[in-house]
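Trainee:
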């Protein structure tokens, strides 16, 4: 467990790869707003995984909130209906991968620093990126200075934000940290509308509201239970 390739770190790397590939493809092939809305279901899947794999107690109220949150995901994805696009399943895949990553993060040994864990996380997606380049349909072309500058800024922001997420998941109270994740949806809606021209329909907005409300209730309920003697 304490070795560099322990089970927790293996599953964390696997979750990192699956989550990153899924979410990156989701924001490439679908709208930023819908992909980000589906991503908000990650805390619900995290609670589900903690109950199933970590034997953490989850009462009927939180089980109900999880089911209602998944209903919100279905409202956004809409399988079998006219608005359904199979490409939106990339976002669902991203949710599953990121939930596995966060569960494994909670099980990693404390002797491994947050900086080391963040480095291993970035290192894990290098072969995934190389595989997409090698077997993907796109042809590599030199990057312009503008594209290089944008990628550099995105890299710096990504490293700082990723380190913060890992540190919060390891040392912070999960019930306190998780609600801040839902602010990503607000930024995604603003950026999607102002930069990419996204116009999410009413079902996407309603589904996103259901997911966020279910997640916040789940976190609130967990915090209340922990506060009881």
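In the numbering used here, the protein residues as written are 162 to 390. Where a beta carbon is used, it is the ideal one built from N, C-alpha and C, also for glycine.
#1: Got a sec? Which residues, its chain only, sit under 7 angstroms from residue 169 by beta carbon, not counting five neighbours each side?
#2: Please classify residue 349 as buried or exposed, where buried requires at least 16 other C-beta atoms within 10 Å of its C-beta.
#3: So residue 383 is in the alpha helix (DSSP H); what residue range does that whole segment cover?
#4: Taking the alpha helix (DSSP H) that residue 288 falls in, what are its first and last residues?
#5: From the DSSP output, in three-state form, read off residue 356 for me.
#6: Span of the alpha helix (DSSP H) holding residue 317?
#7: Put residue 177 into one of helix, strand or coil per three-state DSSP.
#8: Expressed to the nearest angstrom, what Euclidean distance is found between the alpha-carbon atoms of residue 323 and residue 352?
#9: Under a three-way DSSP split, which group does residue 272 fall into?
#10: Out of 205, 212 and 302, state which residue places its alpha-carbon closest to the alpha-carbon of residue 231.
#11: Rounded to whole angstroms, how far is the Cβ of residue 362 from the Cβ of residue 192, which I believe are closer than 8 angstroms?
#12: Mind checking residue 330: buried by the 16 CB within 10 Å criterion, or exposed?
#13: Please go through the same chain and pick out, in chain order, the residues whose beta-carbon is closer than 6 angstroms to the beta-carbon of residue 219, but skip the five residues on each side of it.
#14: Tell me where the alpha helix (DSSP H) around residue 222 begins and ends.
#15: Taking the alpha helix (DSSP H) that residue 214 falls in, what are its first and last residues?
#16: Kindly give me the distance between the Cβ atoms of residue 201 and residue 346, rounded to whole angstroms, as I take these residues to be in contact under 8 angstroms.
#17: In angstroms with no decimal places, state the Cα-to-Cα distance between residue 281 and residue 287.
#18: Are there 16 or more other CB atoms within 10 angstroms of the CB of residue 302, so buried, or fewer, so exposed?
#19: If we define contact as Cβ-Cβ less than 8 angstroms, is residue 305 a contact residue for chain C?
#20: Anyone know if the C-beta pair for residue 252 and residue 297 falls short of 8 angstroms?
Mentor: In short, the structure shows the following:
#1: Same-chain partners within the cutoff: 162, 265, 268 and 269.
#2: buried
#3: 363 to 388
#4: That run of the alpha helix (DSSP H) goes 275 to 296.
#5: coil
#6: 306 to 332
#7: helix
#8: 20 angstroms
#9: coil
#10: Closest by alpha carbon: 205.
#11: That pair is no contact at about 10 angstroms.
#12: buried
#13: 212
#14: 221 to 238
#15: 203 to 214
#16: 6 angstroms
#17: 10 angstroms
#18: The residue is exposed, with fewer than 16 neighbouring Cβ atoms inside 10 Å.
#19: No chain C appears in this structure, which consists of one protein chain only.
#20: Using a Cβ distance threshold of 8 angstroms, residue 252 and residue 297 do not count as a contacting pair.
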